[in-house]
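Residue numbers (my numbering), protein chains in the order written: chain A, 1 to 208; chain S, 1 to 208. Glycine residues also receive a C-beta, built at the ideal position from the N, C-alpha and C atoms. Here is the structure we will look at, set down as structure tokens.
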DNA sequence: CCATCGGATAGCCGATCGGATGATGCCGGG
DNA sequence: CCCGGCATCATCCGATCGGCTATCCGATGG
């Protein structure tokens, strides 16, 4: 009784690699691959896998978190194990919030990955050490936590947008944007936009 | 007479994937794998491959560009084909400057990758379309290089300092700081301090 | 049931920024 | 020897920001 796995990743090389690796085991099998949301939805609905291996960065279109949420909303949904390269606080929280059962990094050795897939199939939660550390740090510290909306503002901020432009982008008023910014300054311990961008990148609240 | 390839990548999954893919061809073969500089050096010296497939983001330690430069400094060096996920201007320039023969992205389909490896072995230069576009854009315009002084301003900027504070820190007038900032905006293609910080970090002009 | 929190909104006002324009001095390459 | 790039400084002005104070609402949770 092998564990049936579907791969969702926009990189052909990675899909082929995972597929090859998993073929080498005798209790795991790849029953489908997808590179985007639409494909993932139909494949999963058709083959009903036990576990979906999900890359978070799917290039254009909806990200892995959104895809995860969609898959989890199906009847008798598959468990989703996130397998990605980066692990910012925001990425992790978005993914887990979307219903992912685990979060591994692509630098994990193959045996660890296999163990993670099996554990996920059994219903366990698997986290890469670095991810676990991030979650612990967050849980342990009464520290200021940037909210989802604030992260969105930070992302636009890093693109150099002005308050008016951010407001338009987020469908809110300038006043709201200013409000978010004020909170961000307080939480990050800065008092300028430039400082906020640097602090946010350093703390890996946003990436790039 | 098959092309002998060494893989350098810190992701086991990717190494295994590439290895599996390449095994499926009859004119390419993987003769070694490495996940860091030290291993890459000794493997390459020992097996003398035709082509090294190089990931630029090797996690901790020296990056792929540094490794590339080291390998190219060997006697009768292998050709190096960069295979990575992201392609910032800085990444590309560093890699090519380090002596890479080509630059492909990991979202390339397998046949394209194989063709790239063969072309590299023949001494040709292969570039992913997106990379080529970046280089053309860069070549078409005289490369804006930030000066020493401008870097200093960028560093203070990332700390959230205002013009007056930067001026004090650099022992110049506010007018001079503003002048530097204007030049920075032009060179980085932004028009705000926040955008400048993000662009500078992305292009690794300053480090977090 | 009421406190708290995230989010959205508003107005005010002084401080700061960003763009435009122009000028000076130094240095190195053609 | 002159030109261009770099660094320096100055002034003007409209646009934007950042801090402050306040209100409102829905969800969450003692």
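Check                                                                                                                                  : Outcome
Residue 22 of chain A to residue 30 of chain A span [Cα, whole Å]                                                                      : 7 angstroms
Residue 3 of chain S: first and last residue of the uninterrupted beta strand (DSSP E) it sits in                                      : 3 to 8
Beta-carbon neighbours of residue 109 of chain S, restricted to chain A and to distances below 9 angstroms                             : 12, 13
Per-residue contacts from residue 158 of chain A into chain S (C-beta, under 7 angstroms)                                              : 194, 198
Boundaries (first-last residue) of the alpha helix (DSSP H) holding residue 149 of chain A                                             : 148 to 157
Segment limits, beta strand (DSSP E) that includes residue 103 of chain A                                                              : 102 to 105
Neighbour flag for residue 184 of chain A against chain S, beta carbons, 8 angstroms                                                   : no
Any chain S beta carbon closer than 8 angstroms to residue 146 of chain A                                                              : no
Assumed close pair residue 56 of chain A, residue 82 of chain A - CB separation to whole angstroms, cut-off 8 angstroms                : 6 angstroms
Short Cβ contact (8 angstroms threshold) for residue 194 of chain S with residue 160 of chain A                                        : yes
is_contact[residue 191 of chain A, chain S] using C-beta, thresh 8 angstroms                                                           : yes
Beta-carbon gap between residue 280 of chain S and residue 117 of chain S smaller than 8 angstroms                                     : The structure shown does not extend to residue 280 of chain S, since chain S spans only 1 to 208, so no value can be given for it.
Three-state secondary structure (DSSP) of residue 170 of chain A                                                                       : helix
Euclidean distance between Cα positions of residue 206 of chain S and residue 199 of chain S                                           : 9 angstroms
Cβ shell of residue 1 of chain A (< 6 angstroms), same chain only, five flanking positions each side left out                          : none
Other residues of its chain near residue 18 of chain A: CB distance less than 6 angstroms, five sequence neighbours each side excluded : 7
The segment 159 to 179 of chain A contacting the segment 157 to 172 of chain S, beta-carbon criterion three pairs below 8 angstroms    : no
Where residue 32 of chain A falls, given that 16 or more other Cβ within 10 Å makes a residue buried                                   : buried
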